[in-house]
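> Sequential numbering from 1 applies to the sequence shown in the UniProt record's numbering. Built from N, CA and C at the ideal position, the CB exists for glycine as well.
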Amino acid sequence: MLKLFARFAKNHDGLAALEFALIAPLMIVLFYGAVELSTAIDCKSRVNRVGFTVADLVAQSSAVSSADTTNVFNCANAILYPYASGNAKIIVSSLVDNGKGGATVAWSDAQNTSARSKGTTMTVPAGLITSGSGGSVIYGEISYSFTAPITYFLGGPITLTSSFYAKPRRSTTVTHT
1 MLKLFARFAK NHDGLAALEF ALIAPLMIVL FYGAVELSTA IDCKSRVNRV
51 GFTVADLVAQ SSAVSSADTT NVFNCANAIL YPYASGNAKI IVSSLVDNGK
101 GGATVAWSDA QNTSARSKGT TMTVPAGLIT SGSGGSVIYG EISYSFTAPI
151 TYFLGGPITL TSSFYAKPRR STTVTHT
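Have a look at this one:
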């Protein structure tokens, strides 16, 4: 019996194939994971750009209409491409000084979700709106439900979010007509 084990221990035929068979599944999983991770990073980058772009485009005007915000949302969807725009909940709001160190929603528009209610009090980062100035900021925000085959194993979609504040450029407030 010992001769049989000694013969198998000395035989190296097919060893490379055996090693490959053991390592190949791990290599495939690592490759697939790297591809999915790079896709998620790309999607997060696009989500960040949407948050910035939505606020920035609206802040460039002194007044916007519902058609204007629809165009802004269309631009946001183009930035998100090739990712599904139906997974993106985008809100753009004008936050005006309430004279108490905070801000109030003057108007809000949204895509694939509900807009913020007019008159809702919100906290803004210090220094964006000087209390009592009557100034405002445009607040763009996005929540994206990222779904990839690997998220099945992670318990469901991953929510990617981004928000951005932009000061109006042509007036102290941006009105909605």
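#1: Taking only the alpha-carbon atoms, compute the straight-line gap between A24 and A16 and give it to the nearest angstrom.
#2: Looking only at C-alpha atoms, which of I90, K100 and G134 sits nearest to R49?
#3: Whole angstroms is fine: what's the gap from A166's alpha carbon to L37's?
#4: Answer yes if the stretch 77–84 comes into contact with the stretch 96–105, meaning at least three C-beta pairs across the two stretches below 8 Å, and no otherwise.
#5: Please report the Cβ distance between T172 and A63, rounded to the nearest whole angstrom; I am assuming they are in contact, meaning their Cβ atoms lie under 8 Å.
#6: Name the two residues that bound the continuous alpha helix (DSSP H) containing S93.
#7: I'd like to check one pair, L154 with V47: are the Cβ atoms closer than 7 Å?
#8: If the criterion is Cβ atoms closer than 7 Å, does the pair A76 and V105 meet it?
#9: Measuring only the C-alpha atoms, how far is T70 from L22?
#10: What is the DSSP secondary structure of T39, counted as helix, strand or coil?
#11: Which of the three DSSP states, helix, strand or coil, is assigned to L30?
#12: Just how far apart, CA to CA, sit V58 and T147?
#13: Let me know the beta strand (DSSP E) ranges lying completely inside the stretch 121–168, each 3 residues or longer, listed in chain order.
From the atom records:
#1: Counted from its first residue, the sequence shown places residue 24 at position 24. Counted from its first residue, the sequence shown places residue 16 at position 16. One C-alpha to the other measures close to 12 Å.
#2: Translated into the one-based positions of the sequence shown, residue 49 becomes position 49. If we check each option's Cα against that of R49, I90 comes out closest.
#3: Counting from 1 along the sequence shown, the entry for residue 166 is found at position 166. Counting from 1 along the sequence shown, the entry for residue 37 is found at position 37. Computed Cα separation, rounded: 30 Å.
#4: no
#5: Taking the first residue of the sequence shown as position 1, residue 172 is located at position 172. Taking the first residue of the sequence shown as position 1, residue 63 is located at position 63. Wrong, their Cβ atoms sit about 12 Å apart, outside the cutoff.
#6: Taking the sequence shown and counting its residues from 1, one reaches residue 93 at position 93. Looking at the DSSP string, S93 is not in any alpha helix (DSSP H); the run it does join, the beta strand (DSSP E), is A88 to D97.
#7: Your numbering for residue 47 matches position 47 in the sequence shown. Your numbering for residue 154 matches position 154 in the sequence shown. Cβ distance not < 7 Å, so V47 and L154 don't count as in contact.
#8: Sequence index remark: in the sequence shown, residue 76 carries index 76 (1-based). Sequence index remark: in the sequence shown, residue 105 carries index 105 (1-based). The answer is no: Cβ separation not under 7 Å.
#9: For the purposes of this step, residue 70 is taken as residue 70 along the sequence shown, with counting starting at 1. For the purposes of this step, residue 22 is taken as residue 22 along the sequence shown, with counting starting at 1. Whole-angstrom Cα-Cα distance: 54 Å.
#10: The sequence position of residue 39 within the sequence shown is 39, counting from 1. Here T39 sits in helix by DSSP.
#11: The residue labelled residue 30 in the question sits at position 30 within the sequence shown. In this structure, L30 counts as helix in the three-state DSSP scheme.
#12: For this step, residue 58 is matched to residue 58 along the sequence shown. For this step, residue 147 is matched to residue 147 along the sequence shown. V58 and T147: Cα-Cα distance of roughly 29 Å.
#13: 136–146 and 158–166
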